[in-house]
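Residues 236 to 290 in our numbering are what the sequence shown lists, from first letter to last. The beta-carbon is built from N, C-alpha and C at its ideal position, and this holds for glycine as well. Below is one structure, written out as structure tokens; comments come after it.
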Amino acid sequence: MDEVEWVVKIVSYEILDCLNWIESQPSDFREEIDQRYRKSVVKFFKQGVQGALAP
236 MDEVEWVVKI VSYEILDCLN WIESQPSDFR EEIDQRYRKS VVKFFKQGVQ
286 GALAP
């Protein structure tokens, strides 16, 4: 694995951790964002990141 792949994987895991944290927060965490919208955006990004991490 070259340095670029290594950095992409580390950054991808960090993003995934952040998205998992956002998804786990109660709905009143960000009252201005509708919970369904927030979860659909998180799901979209998680699928993209998980795709990037696939072998």
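From the options, pick the residue whose C-alpha is nearest to that of residue i; which is it?
{"i": "residue 289", "options": "244, 261, 237, 239", "result": "244"}
Just to confirm my understanding: we take residue i, look at its own chain, exclude 5 residues before and 5 after, and list those with CB closer than 7 Å. What are they?
{"i": "residue 272", "result": "none"}
{"i": "residue 247", "result": "284, 287, 288"}
{"i": "residue 219", "result": "Residue 219 lies beyond the range of the chain shown here (236 to 290); nothing can be said about it."}
Spatial neighbours of residue i within its chain, please: C-beta separation below 8 Å, excluding the five flanking residues on both sides.
{"i": "residue 251", "result": "281, 284, 285, 288"}
{"i": "residue 292", "result": "Here the chain has residues from 236 to 290 only, and residue 292 is not among them."}
{"i": "residue 260", "result": "none"}
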